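In UniProt numbering, the protein residues as written are 1 to 677. For every residue, glycine included, the Cβ atom is placed at its ideal position computed from N, Cα and C. Nothing here was measured: the structure is a model prediction, and the numbers come from that model. Below is one structure, written out as structure tokens; the observations come after it.
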Amino acid sequence: MNAALLIELKAWREAGWLRRLDAAFAGFMAELDPQAAPELLLASALLSHLEGQGHSCLDLAVLLSDPDTLLGWNLEGQQRLQAQLQNLAPNVAAWRAVLCASPLVALDAHARIDTRDQANANANSPLVMRGTRLYLRRYCAYERRVAGQVMLRCRADLAGDVGQGAQDVQGAGLNESALAARLATLFPARGEFDWQAFACAVALRSRFTVITGGPGTGKTYTAARLLALMFALDEQPRRLRVGLAAPTGKAAARLKQSIETALVQIPADFDCGLPRADLLGALGAARTLHALLGARPDTRKMRADAANPLSLDVLIVDEASMIHLEMMANLLDALPPQARVIFLGDKDQLASVEAGAVLGDLCSDAQAGRYDAATARFALAATGVALPVQTLDAQGSALAQQTVMLRESRRFGGPIGALALAVNRGDAAAAMALLRTEESQVLRWTEASSAHAVLPLALHGREGAPGGYSRYLAHLSRRPIEGDRAAFEQWAGEVIQAFETFRLLCAVREGDWGVAGLNQAVERALQVQGLLSKSGEWYEGRPIMVTRNDSGLGVFNGDIGIVLRSWAAGPQAGSLRAYFADGAALRSVAVSRLADVETAFAMTVHKSQGSEFEHTVLVLPDQASNTLSRELVYTGITRARKAFTLVSGRSQSFAQALGRRTRRASGLLDLLNGGGQ
């Protein structure tokens with residue numbers, strides 16, 4: 001039977017339902033155990049497939065009850081899978097028994113959370129079973145490491161309870177009245193509960209805090225005031241070591257810029273403990289998580305880990321929805337026990353490309369709050385206003401007490417905000433009405449029979465949202481006089497800024513409606529219009545995105561740059577270099593040294609996270625795709641600041657996407673809630 005099953009898996013691979021790796025992994029399991037049950041081989045192939053789709057495990061209960069939703073295969077694929085399942089174990093309990101009987105599966109039966117992988121049985125087994133979930137061993141270990149660190153940090157200082165006047169940010173005697181006075185200066189009373197002030201207070205009483213909220217709710221504004229508060233409360237503020245980080249270089253640069261802007265706006269009568277200029281200097285550079293941890297080529301091991309921790313007292317991490325499970329485990333392991341970490345992110349955005357939906361799991365109670373009596377007392381003492389009664393829950397978890405959802409958008413309103421809210425609710429009718437009837441021309445829906453309908457938008461924008469890529473190319477044509485370095489750098493910065501005002505975002509990578517097809521089409525169209533001159537792979541004006549970290553070059557996955565002829569002086573005068581914005585400064589790399597890049601007129605919605613554009617065009621394909629989801633559409637919409645255009649190849653694509661929520665299989669939430677099974 002196993003031989004026939006392996007042949008069937010290869011057929012599924014040829015049909016595109018499985019990857020080559022997935023079928024090969026099942027074959028590898030058969031080699032390790034020639035007596036392996038067919039349930040094990042099928043589960044191994046599906047587990048590998050799901051890991052590639054961002055799931056951290058295979059839940060047998062979901063596989064047997066709703067395989068169509070889990071896998072998203074077409075009708076033929078669903079029927080072929082069902083035919084196999086009919087010949088195997090009849091229920092979840094029987095499946096679990098068969099898998100646990102295999103020497104290739106260890107049983108992770110420990111209810112107690114620990115920071116180490118505690119799977120028992122065969123220490124070398126590639127698979128681990130916890131409850132009804134089957135894992136690749138390392139993902140089971142990642143979940144336990146993350147859960148253990150989160151709960152340890154959430155509970156670290158709660159025993160002292162800052163609300164009772166026991167500890168300050170560094171454990172040296174802040175009482176609730178002093179905290180309330182400082183918060184009142186930073187957040188003047190408005191007669192209603194101030195979630196931003198509450199978030200700052202919450203972050204002072206443990207080693208782990210999550211601040212979530214949609215665009216414009218003030219996550220980085222809150223983080224800046226939290227930093228000012230921490231410096232003000234520290235007895236030796238000049239010794240406070242603060243780190244800023246994000247998953248991508250673009251997001252890290254935006255975090256630093258946003259926090260610096262917010263720090264300048266802090267009331268003049270607030271004593272930060274340092275002169276404002278020194279406070280800004282104390283923050284240092286914002287880095288990607290890979291750079292922060294010291295990622296190394298050809299190994300998963302980071303330079304910073306539990307044995308070699310980061311030299312930090314406080315770490316603020318933005319765009320936390322993009323952090324995958326493995327990275328979160330590595331990051332938390334590398335933090336010193338006494339350090340505080342504050343994660344900022346929008347729980348409704350797309351999860352990471354790699355396995356795990358960590359922020360979604362951490363924020364499972366964010367909307368409800370679920371704050372217990374101790375937190376309610378603390379909130380009242382710190383802010384002077386009681387928590388809304390609907391957010392109280394005596395049974396709230398320790399994590400819930402350290403999670404704050406910001407609920408008022410001060411910037412992201414108007415038609416774009418209304419559209420994002422409708423999408424988040426899954427209200428396709430309301431969203432389509434906004435796209436079709438909104439009169440200010442902020443929003444637009446174009447239903448197209450061909451992907452070439454995108455090209456006029458890409459070149460020149462549309463009525464109500466002019467520009468497109470012609471805007472940055474207009475700057476490109478105004479190259480300054482050769483030899484004036486200051487003028488060159490100003491010009492190069494303006495070219496990059498102009499390019500960042502507009503972007504095509506795609507739901508898929510391949511095909512005419514995907515990143516690959518649209519990049520080629522836009523490039524050709526710009527050449528035909530005489531806006532670009534291309535004579536090879538590298539040409540002046542080519543926008544590129546880095547696709548692989550290279551710490552030696554100082555470039556990281558997701559960095560966006562523009563290829564320009566270098567400043568005309570020295571031996572490299574006139575050579576092509578890729579220029580990247582690094583805050584207000586520029587950095588450049590010779591194109592001959594860049595091996596892992598792609599043209600970036602169009603990019604996936606995933607890659608756009610951490611960025612904003614004046615005008616965003618979201619392109620949905622003309623064929624049904626498993627990638628379409630409510631989170632993808634929401635993320636695409638919320639990249640737009642002033643104008644949003646939807647281009648859809650199928651009239652049903654938009655409504656179907658809003659009806660599909662991304663649900664990633666994970667056991668992390670169970671661990672965070674105290675269950676080890």
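What's the C-alpha gap between residue 125 and residue 37?
Against the sequence shown, residue 125 aligns to sequence position 125. Against the sequence shown, residue 37 aligns to sequence position 37. So the two alpha carbons sit approximately 16 Å from each other.
What does DSSP give as the partner residue(s) for residue 639 in the beta ladder?
Along the sequence shown, one-based indexing puts residue 639 at 639. According to DSSP, which records beta bridges pairwise, residue 639 is partnered with nothing at all.
Looking at the unbroken beta strand (DSSP E) that takes in residue 581, where does it start and where does it end?
The residue you call residue 581 lines up with position 581 of the sequence shown. Unbroken beta strand (DSSP E) run through residue 581: 576 to 582.
Could you tell me the distance, in whole angstroms, from the CA atom of residue 22 to the CA atom of residue 434?
Start at 1 with the first residue of the sequence shown, and residue 22 comes out as number 22. Start at 1 with the first residue of the sequence shown, and residue 434 comes out as number 434. Approximately 42 Å between the Cα atoms of the pair.
Could you tell me how far apart the beta carbons of residue 558 and residue 605 are, in whole angstroms, since I believe they sit closer than 8 Å?
Against the sequence shown, residue 558 aligns to sequence position 558. Against the sequence shown, residue 605 aligns to sequence position 605. With 8 Å as the limit, residue 558 and residue 605 do not qualify as a contact, their Cβ atoms being about 13 Å apart.
Let me check one thing: in DSSP terms, what residues is residue 506 bridge-paired to?
Taking the first residue of the sequence shown as position 1, residue 506 is located at position 506. The partner list for residue 506 (beta bridge, DSSP) reads 604 and 619.
Which of helix, strand or coil DSSP assigns to residue 129
The count along the sequence shown starts at 1 and reaches residue 129 at position 129. The answer is strand: DSSP assigns residue 129 an E or B state.
Proximity winner among 493, 11 and 467, relative to residue 678 (alpha-carbon distances)
Given that the chain is displayed from residue 1 to residue 677, the structure contains no residue 678 and the question cannot be resolved.
For residue 648: DSSP bridge partner residues
Counting from one through the sequence shown, the residue named residue 648 turns up at place 648. In the DSSP output, where bridge partners are listed per residue, residue 648 has 447 and 620.
Residue 214 classed as buried or exposed, judged by whether at least 16 other C-beta atoms fall within 10 angstroms
Looking up residue 214 in the sequence shown gives position 214. By the neighbour-count rule (16 or more Cβ atoms within 10 Å), residue 214 is buried.
Can you look up residue 588 in the DSSP assignment and give me helix, strand or coil?
Position 588 of the sequence shown, counting from 1, holds the residue named residue 588. In the structure shown, residue 588 sits in a strand (DSSP, three-state: E or B).
Could you have a look at residue 40 and say whether DSSP puts it in helix, strand or coil?
In the sequence shown, residue 40 corresponds to position 40, counting from 1. Residue state, collapsed to three classes: helix.
Excluding the five sequence neighbours on either side, which residues of its own chain have a C-beta within less than 8 Å of the C-beta of residue 369, listed in chain order?
Position 369 of the sequence shown, counting from 1, holds the residue named residue 369. Answer for residue 369: 387, 388, 390, 391, 392, 393, 396, 400 and 405, listed in chain order.
Pull up the distance between the alpha-carbon of residue 449 and that of residue 582, whole angstroms please.
Residue 449 sits at position 449 when you count from the first residue of the sequence shown. Residue 582 sits at position 582 when you count from the first residue of the sequence shown. Approximately 40 Å between the Cα atoms of the pair.
Return the Cβ separation of residue 57 and residue 107 in integer angstroms, given the expectation that the two are a contact with Cβ distance under 8 Å.
Residue numbering aside, residue 57 sits at position 57 when the sequence shown is read from its first letter. Residue numbering aside, residue 107 sits at position 107 when the sequence shown is read from its first letter. Residue 57 to residue 107, Cβ: 14 Å. No contact.
In whole angstroms, what separates the C-alpha of residue 233 from that of residue 273?
Counting from one through the sequence shown, the residue named residue 233 turns up at place 233. Counting from one through the sequence shown, the residue named residue 273 turns up at place 273. Taking the straight line from one Cα to the other gives about 8 Å.
Same chain only: Cβ atoms within 7 Å of residue 29, ignoring 5 sequence neighbours per side:
For the purposes of this step, residue 29 is taken as residue 29 along the sequence shown, with counting starting at 1. 36, 40, 41, 44 and 104.
Alpha helix (DSSP H) runs contained entirely in the stretch 252 to 331, provided each spans 4 or more residues:
276 to 282 and 289 to 293
I think residue 403 touches residue 645, with their Cβ atoms under 8 Å apart; what is that distance to the nearest whole Å?
Counting from one through the sequence shown, the residue named residue 403 turns up at place 403. Counting from one through the sequence shown, the residue named residue 645 turns up at place 645. The Cβ separation is near 35 Å, so there is no contact.
Within the stretch 350 to 408, note down every full alpha helix (DSSP H) run reaching 4 residues or more, in order along the chain.
358 to 362, 373 to 383 and 398 to 401
Pull up the DSSP beta-bridge partners for residue 208, would you.
Residue numbering aside, residue 208 sits at position 208 when the sequence shown is read from its first letter. Residue 208 pairs with 341.
Indicate whether residue 520 and residue 322 have their beta-carbon atoms separated by less than 8 Å.
Counting from 1 along the sequence shown, the entry for residue 520 is found at position 520. Counting from 1 along the sequence shown, the entry for residue 322 is found at position 322. For residue 520 and residue 322, no; Cβs fall outside 8 Å.
Taking the DSSP output, what are the residues bridged to residue 16?
Walking along the sequence shown from the start, residue 16 turns up at place 16. In DSSP, residue 16 forms no bridge with anything.
Inter-residue spacing [alpha-carbon to alpha-carbon] between residue 119 and residue 128:
As a working note, residue 119 is residue 119 in the sequence shown. As a working note, residue 128 is residue 128 in the sequence shown. No answer about residue 119 holds up, because its pLDDT of 40 lies below 50 and its placement is not dependable.
Just mark residue 79 as buried or exposed, buried being the case when its beta carbon has 16 or more other beta carbons within 10 Å.
Counting from one through the sequence shown, the residue named residue 79 turns up at place 79. Looking at its Cβ environment, which holds fewer than 16 other Cβ atoms inside 10 Å, residue 79 is exposed.
Beta strand (DSSP E) segment containing residue 598, residue limits
Stepping through the sequence shown from its first residue, residue 598 is reached at position 598. Segment 597 to 599, the beta strand (DSSP E) holding residue 598.
Taking just the CA atoms, how far does residue 60 sit from residue 470?
On the sequence shown, residue 470 is found 470 positions in, with the first residue counted as 1. On the sequence shown, residue 60 is found 60 positions in, with the first residue counted as 1. Cα to Cα, residue 470 sits roughly 52 Å from residue 60.
Quick check on residue 613: does DSSP put it in helix, strand or coil?
Translated into positions along the sequence shown, residue 613 becomes position 613. Residue 613: strand per DSSP, three-state reduction.
How would you call residue 490, buried or exposed, if buried means at least 16 neighbouring beta carbons within 10 angstroms?
What you label residue 490 is simply residue 490 of the sequence shown in a count that begins at 1. Exposed, by the Cβ-count rule.
What three-state label does DSSP hand residue 683 in the structure shown?
Only positions 1 to 677 of the chain appear in the structure, and residue 683 is not among them; the question remains open.
Less than 8 Å between the C-beta atoms of residue 216 and residue 407, yes or no?
The sequence position of residue 216 within the sequence shown is 216, counting from 1. The sequence position of residue 407 within the sequence shown is 407, counting from 1. Going by C-beta atoms, residue 216 is not nearer than 8 Å to residue 407.
Does residue 558 come out as helix, strand or coil in the three-state DSSP assignment?
Taking the first residue of the sequence shown as 1, we reach residue 558 at position 558. Coil at residue 558, not helix or strand.
Tell whether a beta-carbon distance below 8 Å holds between residue 335 and residue 358.
Counted from its first residue, the sequence shown places residue 335 at position 335. Counted from its first residue, the sequence shown places residue 358 at position 358. It is not a contact, given that the beta carbons lie outside the stated cut-off.
When you compare the CB positions of residue 288 and residue 248, do they come within less than 8 Å of one another, or not?
Here residue 288 refers to the residue found at position 288 when the sequence shown is read from its first residue. Here residue 248 refers to the residue found at position 248 when the sequence shown is read from its first residue. Cβ distance < 8 Å, so residue 288 and residue 248 count as in contact.
Cβ-Cβ separation, residue 657 to residue 686 (assumed contact under 8 Å), whole Å
Outside the shown range of the chain (1 to 677) lies residue 686, about which nothing can therefore be said.
Check residue 221 in the structure and name its three-state DSSP category.
If you number the sequence shown from 1, residue 221 lands on position 221. Note: residue 221 maps to helix in three-state DSSP.
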